[in-house]
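Take the sequence shown: its position 270, counting from 1, is numbered 270 in UniProt numbering, and each next residue is one higher.
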Amino acid sequence: MHRSVYLILIVKGLRTFVFGMVSVLTPIYLAMLGFSPTYVGASIFLVVLGNVFSNVLLTWFGNVIGRRRLLIIFSLLIFISGILLSSSSLYPVLALALFMGNISTTGTEAGPFQSIEVGVLPRFTGNRLGRVLGLYNLIGYSASSLGALASSLPAYLGDKLVFVRSMYLIYAVVGLVMVIAYSALGNIEGGGRRLGLRGLGRTAVADIRNLSMLFSVDAFGGGLVTQSLLSYWFYIRYGVTLRELGLVFMVVNVVTAISLVIAPLIAERIGNLRTMVYTHIISNIFLILIPLAGSFTGSLAFLLLRQSVSQMDVPTRQAFMAQIFSDEERVPANAVTNTARSIGSLPGPLIVGDLISQGLYSLPFIISGSLKIMYDLTIYLMYRGRVVK
1 MHRSVYLILI
11 VKGLRTFVFG
21 MVSVLTPIYL
31 AMLGFSPTYV
41 GASIFLVVLG
51 NVFSNVLLTW
61 FGNVIGRRRL
71 LIIFSLLIFI
81 SGILLSSSSL
91 YPVLALALFM
101 GNISTTGTEA
111 GPFQSIEVGV
121 LPRFTGNRLG
131 RVLGLYNLIG
141 YSASSLGALA
151 SSLPAYLGDK
161 LVFVRSMYLI
171 YAVVGLVMVI
181 AYSALGNIEG
191 GGRRLGLRGL
201 GRTAVADIRN
211 LSMLFSVDAF
221 GGGLVTQSLL
231 SYWFYIRYGV
241 TLRELGLVFM
251 VVNVVTAISL
261 VIAPLIAERI
271 GNLRTMVYTH
281 IISNIFLILI
291 PLAGSFTGSL
301 AFLLLRQSVS
311 QMDVPTRQAF
321 MAQIFSDEER
331 VPANAVTNTA
341 RSIGSLPGPL
351 IVGDLISQGL
361 YSLPFIISGS
371 LKIMYDLTIY
381 LMYRGRVVK
């Protein structure tokens, strides 16, 4: 493989490790500081809003500022965010840190790092793109599972606040490592210095618009059940401890990682679009059943069943995007659609915080699963005639 592919894979692993760690830890950390469910929901909202802002910046100014330069800036912001989170209990400071950190609240990402990486990987992979994207996401989920497990370390040290805060220093250090790695990354810049979507063809702009609307519906549903919110839901609903949550989400992400190896193999037989839709529908049926199980064991079983297929659409969706967009179109297309996904997921944390405070524990899962099934059926009907298989 090309040297740039190795760099991207290494950075993906480091980044998702700390994202997996802080996505589980942050809502519990805020609860330990005495903040209510409403504040926790608002905080996760700010995380998603930060990703929206970063993707908008990438969309409009990525070719002007430079993709490498933006990646370095965003990595430096991770460093600053980690320092602030580890050293302050003031909500305005914590809110600023969560906004600027480009944290992923799920095992997947919708921020600027992935928008660029997935957009440029086809340059280095040729006809091996599907399998490389499978490996890219496998590394992401595997590292995220280790990060989720690492989030439970403070529980073994006595649940003291100082140990929880020290985890954010690890997050800060990874930000600095990312700066070094991205400085060495080559051949990622776009052609010209155009702003936004100027210069793209009419068909590409129409596809970006249509997919943005579809992805925002899917993301709205996903925003109701992010890893951070699931962590908080198990904590509130069943009294699951931080030590247990770390183990739970390690297993969840391992199951997800295994599914990512299988997804490209299925796609080679039935196509990316069909793999996206079929596996996603099955996963959303399991999602609706999670709160209906009525016990921690039952809910966990349905969560694991859901994760065994729920992210098979990730590498296949990325490969599907590579099929319908050209090299120059991919990064802006990824940035815009990821922005739409982030905007779509914005209301989720606020809604879930309010629903949980009212004792409506099942409703987020039912709404989420139903909306995501509607998305699956719509995208299949719209694009089944556009792609091979």
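Ideal placement from N, C-alpha and C gives every residue a C-beta, glycine not left out.
Query: Classify T339: buried if its beta carbon has 16 or more other beta carbons within 10 angstroms, exposed otherwise.; Result: buried
Query: Only counting the same chain, and skipping five residues up and downstream in sequence, which positions put a Cβ closer than 6 Å to that of D218?; Result: K372 and Y375
Query: Identify the continuous alpha helix (DSSP H) that holds G111 and give its terminal residues.; Result: Element bounds for G111: n/a, residue is neither H nor E.
Query: At the level of alpha carbons, what is the spacing between P92 and H2?; Result: 43 Å
Query: Using a 10 Å radius around the Cβ and a threshold of 16 neighbouring Cβ atoms, would you call I208 buried or exposed?; Result: buried
Query: Can you list the alpha helix (DSSP H) stretches of 4 or more residues lying completely in the stretch 92-178, in chain order?; Result: 112-125, 129-150 and 153-156
Query: Going by the CB atoms, is the gap between I8 and L121 shorter than 9 Å?; Result: yes
Query: Could you give the distance in angstroms between the alpha-carbon of L245 and the alpha-carbon of Y29?; Result: 13 Å
Query: Where does the unbroken alpha helix (DSSP H) through H280 begin, and where does it stop?; Result: N272 to L289
Query: Is S345 closer than 9 Å to F220 when the C-beta atoms are compared?; Result: yes
Query: Should T316 and T275 be called a contact, given that it needs their Cβ atoms to be closer than 9 Å?; Result: yes
Query: Is there contact between the stretch 242-259 and the stretch 144-160, where contact requires at least three CB pairs shorter than 8 Å?; Result: yes
Query: Under a three-way DSSP split, which group does N253 fall into?; Result: helix
Query: What's the call for S368, buried or exposed, on a 16-neighbour Cβ count within 10 Å?; Result: buried
Query: Could you tell me the distance, in whole angstroms, from the CA atom of Y136 to the CA atom of K12?; Result: 7 Å
Query: Based on Cα-Cα distance, which residue from G41, I116 and R15 lies nearest to L355?; Result: G41
Query: Could you tell me the boundaries of the alpha helix (DSSP H) in which E328 lies?; Result: D327 to S345
Query: Excluding the five sequence neighbours on either side, which residues of its own chain have a C-beta within less than 6 Å of the C-beta of G20, listed in chain order?; Result: S144, G147 and A148
Query: For V64 and V52, I'd like the C-alpha separation in whole angstroms.; Result: 19 Å
Query: Sorted by chain position, which residues of the same chain lie with C-beta nearer than 7 Å to L303's C-beta, five sequence neighbours on each side aside?; Result: V252 and I290
Query: Drop a sphere of 10 angstroms on the beta-carbon of S183, count the other beta-carbons inside from all chains shown, and report buried for 16 or more, exposed for fewer.; Result: exposed
Query: Which whole-angstrom value is the C-beta distance of M100 and I80, which I expect to be below 8 Å?; Result: 7 Å
Query: Give every residue of the same chain whose Cβ lies closer than 7 Å to the Cβ of E329, excluding the five residues on either side of it in the sequence, and list them in chain order.; Result: L200 and A204
Query: How is V309 classed by DSSP in three states: helix, strand or coil?; Result: coil
Query: With respect to the alpha helix (DSSP H) encompassing N63, which residues constitute its N-terminal and C-terminal limits?; Result: P37 to I65
Query: Alpha carbon to alpha carbon, how far is A257 from T279? Give it in angstroms, no decimals.; Result: 15 Å
Query: Under a Cβ-count criterion, where at least 16 other Cβ atoms within 10 Å of its own Cβ denotes burial, should Y168 be classed as buried or exposed?; Result: buried
Query: Mapping the DSSP letters down to three states, classify N187 as helix, strand or coil.; Result: coil
Query: Among S4, G222 and S104, whose alpha-carbon lies nearest the alpha-carbon of V48?; Result: S104
Query: Grouping DSSP H, G and I as helix and E and B as strand, with all else coil, what is Y380?; Result: helix
Query: If I measure Cβ to Cβ from Y232 and keep anything under 7 Å in the same chain, skipping five residues before and after, which residues do I get?; Result: P27 and V40
Query: Locate the alpha helix (DSSP H) running through R202, then write down its first and last residues.; Result: R202 to G222
Query: Tell me, to the nearest whole angstrom, how far the beta carbon of N272 is from that of S115; I am working on the premise that it is less than 8 Å.; Result: The Cβ separation is near 19 Å, so there is no contact.
Query: Can you have a look at E109 and say buried or exposed, based on whether 16 or more other CB atoms are within 10 angstroms of its CB?; Result: buried
Query: Where does A263 land, buried or exposed, given buried means 16+ other C-beta within 10 angstroms?; Result: buried
Query: Using a Cβ-Cβ cutoff of less than 7 Å, which residues in the same chain neighbour V56 once the five nearest sequence positions on both sides are dropped?; Result: T339
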